[in-house]
Amino acid sequence: MNKPDLRTIISLLVVSGTVFHAVVDPVVAEDQEFDSSVAAILVKRCTECHNGFDLKGGLDLLSKTAVEKGGDSGPTLEAGDLENSLLWQRIASDEMPPEHPIPQEEKAVLAKWISGGANWGTDPIDVFRYSSENRAGYDWWSLQPINRPDPPEYSRRISKQKWNVANNSIDNFILAKLDEHRLLPSPPAEKEILVRRLYLDVTGLPPSPDDLQNVLVDDSTDAYERLVDRLLSSPAYGERWARHWLDVIRFGESQGVERDKLRKNSWRYRDWVVDALNQDMPYDEFTKLQLAGDEIAGDNMYARIATGFLGAGEWDEVGFSQRSPVFKRVVRQDQLEDMTSAITQTFLGLTVNCARCHDHKFDPILQKEYYQITAALAGTFHGQDIFVDVSTPAELDDNRKKSAVYEYRQNLAKEIGLSDFEVKQLGESKERYGDFSQYSIKSQDPPETHILLRGDPETRGELVQPAGIKSLKGVSAEFELPTDATDSRRRLALAEWIANKGNPLFARTMVNRLWHYHFGTGLVDTPNDLGFNGGQRSHPELLEWLADEFIQQEFSIKSMHRLILNSATYKQSSRSREDAKAVDAGNRLVWRCTPRRLDSESLRDTLLAVSGQLTREMHGPGYFDFTTFNANSQFYEVFDPVGESFNRRSVYRTIVRSGRSPFMDTFDCPDPSTKSPNRSITTTPLQALALMNNSFAMRASTTLANRLVHEAGDSIEDQVVYLIRLAYSRNPTDEETEDLVQVIGQVGLVPVCRAVLNSNELVLVR
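Structure, rendered in structure tokens:
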């Protein structure tokens, strides 16, 4: 190893300005200089490998004591003796950091610091004080208060286009970014294509031929805006967008893990989401009810159902039934991590769960803060909530009597100390008193919460109270709860902190999610992670503007839909352009509408709708496309059910974790055991084979052919026209009509229907 010569050392000291006149307390000045310069360099250049939990060479550079101790090669620092300091020798020779030597100006700062006595400031160094190439700091963009920008101007080069390029402020931001890259937006999509896109985006169903015709003949200036309003008011909107939400929150109707027992009443939560979205429940209320509906309105069945969010994930029943208390504690911590990750990723776009064992490696989230959040959930367990299901007003009095009897027997059981067997019998008696249960959570007295060292439940550290994350600007992390606060009161405090208007992540995360579902990619392409490991913002100013607008609209989700859907950006054609592809092949700048394949549920629903089989029954227990039996664990055998009751929309399919649908899995239906904010999109031969040979698809083809004969008559030409209107939401060209009439004459109507249902134009949203 080559040591730096005296000339190099002197030149670095001169560059760094070693000789200066102090005008403040020297100790204070040195501490401030350490924090603002030396610590920033160490964090940026060195602590990726030399930190408290990742000790390359046995060296930790985060604390004064650790630096004085040194690593495997011996003492690291000789204060005041630059030439004999091992730290300086490795840095000056460019041996460290490997592959990325420290710039000369930063070496000068370190040389001055060591020569001046290596005085230490904040101890240990706060690695999150500044963002770096290795991690986000307190200055990370998503943690800052929302700052609404003014919509930008764009050049005359764009404004001279013959089509109307700006409908609202969204377009200003998009056009300005395109202008920066010397790109033009795409012209508006053809009316038929736009209408089909709008129907499928908002409702998950294609327009009927009559609906399409009514739109096409309406030439009024506000025809499109009125169509947007009508679709947002449709019950199908809530069904469509509830499915998106269920993806994000890992909703399943069975326990998962080993036994995977069926949760017979989880459908109530699904129905709650459908209704809440259809009613345009403000997003802050939507959030609070899911986290603490039992505290907000404990006597309201509707509010209590919302807490099904907390129990939507897997539950390790086997783990909780173990005799070993040690094993039970591990399983309990896994359950708390599941709830914590679901809450923070869904509502905040932060991977707080990564701080379970140590401070987050990439985002300014302390391990202590992870346990502060779990403390707000410490009394929350999976279980059945008991209430009366009032189906009709006429049943109200009867159900009240049943509920009173049942609750009396429950209370009596507690008071007189019934055995487990007797309590079990009491639970079974609910069959005689009506169905009161919803699978969600059980609220208990919360135990103390300690930091678990390295995440080990058997190694408890500091006692913590419920609180939030201090690095989020604009909202206090303190919950200010009494130490004896109930479980539901703790969850309410957490919910109020999350849904606070000053919380910068709450609005940003949701508007990014809405953009993702409308355009296929979010303004940040990782909807559940707006932290360091997440994607880069494509339009930073637009994201800020939308987040603030969401708040100004009192968290109305439908208002944000309306804003996006009425923009010229949304209405663009999906046609590709070579000039734009050369600059932005991934369409991150949104120079066109990205063509997207129908998701598995929309594809199944479309096949049912086009073939005339779709049953529009809403709410209630879902349909089963499986048989089940129990042999210590629950087993599910999936089959293709036939009958009207099975032809409901796919959101009403009973989703069991080990009983997946092969047809829907082929089209990337997500695993309900995991959070799926961004579905995989694959293209495989199996998809074409499924649409051609799967019994469900074949039945749809046959039923569609029968529908054409019944509704279009005996004329093959009329059947062709009706087929294309149903499947593609447009009229056929003369050439298509001629070709299809000829093919039908040769092979019959059913094979042609199979081909149409297997075509790109049906499967893609353009």
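Counted the way numbering that gives the first Met the number 0 counts, the sequence shown spans residues 0 to 765.
Even glycine gets a Cβ: it sits at the ideal position worked out from N, Cα and C.
It should be emphasised that the depicted structure is a prediction, and the values quoted were computed from it without experimental measurement.
- Here Thr-614 carries a strand assignment [DSSP, helix/strand/coil].
- Only residues of its own chain outside the window of five on either side were considered, and among them Arg-303, Thr-306, Ser-487 have a CB closer than 6 Å to the CB of Asp-293, listed in chain order.
- With a 10 Å radius around the Cβ and a threshold of 16 neighbouring Cβ atoms, Cys-356 comes out exposed.
- For Leu-703, the enclosing alpha helix (DSSP H) begins and ends at 694-711.
- In the structure shown, Asn-759 adopts helical secondary structure according to DSSP, grouped into three states.
- Setting aside the 5 residues that flank it on each side, Arg-595 is surrounded in the same chain by Gly-519, Val-764, each with a C-beta closer than 6 Å to its C-beta; the list follows chain order.
- Looking from the CA of Gly-460, the closest CA among Ala-466, Leu-452, Gly-467 belongs to Leu-452.
- Counting other Cβ atoms within 10 Å of its Cβ, Ala-466 reaches 16 or more and is therefore classed as buried.
- For the options Asp-670, Thr-568, Glu-760, Ser-728, the alpha carbon positioned closest to that of Pro-184 is the one of Thr-568.
- By the criterion of a C-beta distance shorter than 6 Å, Trp-240 is surrounded in its chain by Leu-276, once the five residues flanking it on both sides are discounted.
- Residue burial annotation: His-99 is exposed, with fewer than 16 other C-beta atoms found within 10 angstroms of its C-beta.
- Within the DSSP secondary-structure output, Ser-442 pairs in a beta bridge with Thr-379.
- Taking C-beta atoms as the reference points, Val-609 and Leu-725 count as a pair closer than 8 Å.
- When the Cα atoms are used, Met-95 and Leu-41 turn out to be separated by approximately 12 Å.
- Under a 10 Å Cβ-count criterion, Gly-255 is classified as buried, with 16 or more other Cβ atoms of the shown protein chains found around its own Cβ.
- The alpha-carbon of Phe-172 is positioned some 36 Å away from that of Thr-683.
- Phe-531 is positioned such that its CB atom lies no closer than 8 Å to that of Gln-443.
- Judged by beta-carbon spacing, Ser-660 lies beyond the 8 Å limit of Val-641, meaning their Cβ atoms are not closer than that value.
- Of all C-beta pairs linking the segment 541-551 to the segment 493-513, three or more are shorter than 8 Å, placing the two stretches in contact.
- Val-708 counts as exposed, since fewer than 16 other C-beta atoms from the protein chains shown sit within 10 angstroms of its C-beta.
- Where Ala-65 is concerned, there is no enclosing beta strand (DSSP E), although the alpha helix (DSSP H) around it starts and stops at 63-68.
- If you draw a straight line from the Cα of Trp-271 to the Cα of Gln-437, it is about 11 Å long.
- At the C-beta level, Lys-327 and Asn-527 stay beyond 8 Å of one another.
- According to the DSSP secondary-structure assignment, Pro-187 is paired through a beta bridge with Gln-571.
- In the DSSP assignment, Asn-83 falls outside any alpha helix (DSSP H) and carries neither an H nor an E.
- Take Tyr-198, set aside five residues on each side of it, and the residues of its chain with a beta-carbon closer than 7 Å to its own are Leu-204, Pro-205, Pro-206, Leu-230, in chain order.
- Counting along the chain, no beta strand (DSSP E) covers Val-351, and no H or E run does either.
- In this structure, the beta-carbon distance from Glu-735 to Ile-723 falls below 8 Å.
- Excluding sequence positions up to five before and after Ala-39, its CB lies within less than 6 Å of the CB of Tyr-129, all in the same chain and listed in chain order.
- Of all alpha-carbon atoms in Thr-653, Ala-110, Asn-50, Asp-604, the one lying nearest the alpha-carbon of Val-126 is that of Asn-50.
- Here the segment 327-339 lies against the segment 348-355, with 3 or more beta-carbon pairs under 8 Å apart.
- Setting aside the 5 residues that flank it on each side, Pro-123 is surrounded in the same chain by Leu-61, Ser-62, each with a C-beta closer than 7 Å to its C-beta; the list follows chain order.
- Of the other Cβ atoms in all chains shown, 16 or more fall within 10 Å of the Cβ of His-359; this residue is therefore buried.
- Bounds of the beta strand (DSSP E) holding Gln-633 are 632-637.
- Excluding sequence positions up to five before and after Val-749, its CB lies within less than 7 Å of the CB of Ser-700, Thr-701, Ala-704, all in the same chain and listed in chain order.
- Look at Asn-50 here: in three-state DSSP terms it is strand.
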